[in-house]
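Novice: Our numbering puts the first residue of the sequence shown at 11, with every later residue one more than the last.
Built from N, CA and C at the ideal position, the CB exists for glycine as well.
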Amino acid sequence: MFFRRSTSAAAAPLSDQELLARYRAHGDVADLGVLYDRYLPEAFAVCRRYLAPPDEDAQDAVMQLFEHLVKALRTHAPDNFPAWLHTTARNHCLMQLRAHKRAGPSAGPLILRFPDAADVETAAVRHLPNEEAAAEDAEATENRLQSVEAALAQLPAAQRRCLELFYLEKKCYR
Numbered sequence: 011m012f013f014r015r016s017t018s019a020a021a022a023p024l025s026d027q028e029l030l031a032r033y034r035a036h037g038d039v040a041d042l043g044v045l046y047d048r049y050l051p052e053a054f055a056v057c058r059r060y061l062a063p064p065d066e067d068a069q070d071a072v073m074q075l076f077e078h079l080v081k082a083l084r085t086h087a088p089d090n091f092p093a094w095l096h097t098t099a100r101n102h103c104l105m106q107l108r109a110h111k112r113a114g115p116s117a118g119p120l121i122l123r124f125p126d127a128a129d130v131e132t133a134a135v136r137h138l139p140n141e142e143a144a145a146e147d148a149e150a151t152e153n154r155l156q157s158v159e160a161a162l163a164q165l166p167a168a169q170r171r172c173l174e175l176f177y178l179e180k181k182c183y184r
């Protein structure tokens, strides 16, 4: 299974900001490993939303994304890691779609597959009929996400923070 959960209790209670600060200070990838375990499902969901099946494409994108984070987080300090990761994952997938589109027909069509028993845990399988539909869908999703980001930017800070906590950080209202 692509998703794995760490059983390490030593670093799990640390906040995202503490883990990022420790990583920048010491360069220990174990700190990023905790973030990987914590945010893998969300990053995979973003990549899966943009990239057509098979899921291996989304899995590869997530692995490339976290490889990029090893370098990027040494110098960059995001204030809100989940939101930053979501945006970074989205941009990574859009770049992959653009590269695939530029490669042209020689890159081959996106291969579709039908769900099987392995899809029970991730039931939201998306099948796109062709590369053009995938690009249109990705552009439409990108436009919706930009609209949401613009709307969030117009909210007062307290309301914006509430939405970020609830939807991006998966915290309840209590």
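Check whether the region 65-81 touches the region 148-167, counting contact only when three or more Cβ pairs, one atom from each stretch, lie closer than 8 angstroms.
Specialist: These segments do not touch.
Novice: Name the residue from His96, Leu61 and Gln169 whose alpha carbon lies nearest to the alpha carbon of Leu50.
Specialist: Comparing Cα positions, the closest option is His96.
Novice: Alpha carbon to alpha carbon, how far is Asp38 from Gln27? Give it in angstroms, no decimals.
Specialist: Going from the Cα of Gln27 to the Cα of Asp38 covers about 15 angstroms.
Novice: Is Ser157 helix, strand or coil by DSSP?
Specialist: Note: Ser157 maps to helix in three-state DSSP.
Novice: So, at 6 angstroms on beta carbons, what are the nonlocal neighbours of Arg136 in its own chain, with the 5 sequence-adjacent residues on each side left out?
Specialist: Legend: pLDDT at Arg136 = 43, less than 50; position of this residue unreliable, value from coordinates given subsequently. Nothing listed; no residue qualifies.
Novice: When you compare the CB positions of Tyr60 and Thr151, do they come within less than 8 angstroms of one another, or not?
Specialist: Contact flag set, yes.
Novice: So what does DSSP say about Cys172, is it helix, strand or coil?
Specialist: Cys172: helix per DSSP, three-state reduction.
Novice: Are the beta-carbon atoms belonging to Ala55 and Leu107 less than 8 angstroms from one another?
Specialist: No, the pair does not count as a contact, with Cβ atoms beyond the cut-off.
Novice: Is there at least one Cβ from chain B nearer than 8 angstroms to Thr97's Cβ?
Specialist: No chain B appears in the structure shown, which is made up of a single protein chain.
Novice: With a Cβ-Cβ cutoff of 8 angstroms, do Pro92 and Leu155 count as a contact?
Specialist: In this structure, Leu155 does not lie closer than 8 angstroms to Pro92 by Cβ.
Novice: Can the beta-carbon of Leu175 be found less than 8 angstroms from the beta-carbon of Lys181?
Specialist: Contact: yes.
Novice: Under three-state DSSP, which class holds Leu29?
Specialist: In the structure shown, Leu29 sits in a helix (DSSP, three-state: H, G or I).
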